[in-house]
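K.L.:
Residue numbers (UniProt numbering): 1 to 89.
Glycine residues also receive a C-beta, built at the ideal position from the N, C-alpha and C atoms.
Since the structure is predicted, the reported quantities are computational estimates derived from the model, not experimental observations.
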């Protein structure tokens with residue numbers, strides 16, 4: 001029995017919640033309307049490349065880029081998952 005893959009939208013929500021940011025604050029940080037972010041998180045809308053680039057360029061979110069796109073981490077270069085972020089605290 002295999003588990004269903006986690007969507008990029010679900011991962012974005014996980015990052016947002018791990019960082020302790022509300023949907024409006026996270027959306028503002030990334031320059032998108034909160035309704036767009038909600039649609040991404042709930043899978044109603046496909047996450048666009050421009051959004052992913054904006055997330056990767058945010059200093060406080062950059063550390064999750066590799067995990068978000070590939071399910072991989074590389075702590076030696078600062079690429080972690082939300083679980084590692086929580087463990088560091």
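#1: For the alpha helix (DSSP H) that residue 51 lies in, which residues bound it at each end?
#2: By the three-class DSSP mapping on this structure, what secondary structure does residue 10 have?
#3: If you count every other CB in all the chains shown that lies within 10 Å of the CB of residue 68, and 16 or more means buried, which is it?
#4: Which first and last residues belong to the alpha helix (DSSP H) in which residue 26 is found?
#5: What do you reckon, are the CB atoms on residue 34 and residue 23 nearer than 7 angstroms?
#6: How long is the line joining the alpha carbons of residue 10 and residue 43, rounded to whole angstroms?
#7: Determine the extent of the alpha helix (DSSP H) in which residue 44 is found, giving its start and end residues.
#8: Return the CA-CA distance between residue 72 and residue 15, expressed in angstroms with no decimal places.
P.N.:
The short version:
#1: 49-57
#2: helix
#3: buried
#4: 23-30
#5: yes
#6: 8 angstroms
#7: Taken as a continuous stretch (DSSP letters only), residue 44 belongs to no alpha helix (DSSP H), as it is neither H nor E.
#8: 15 angstroms
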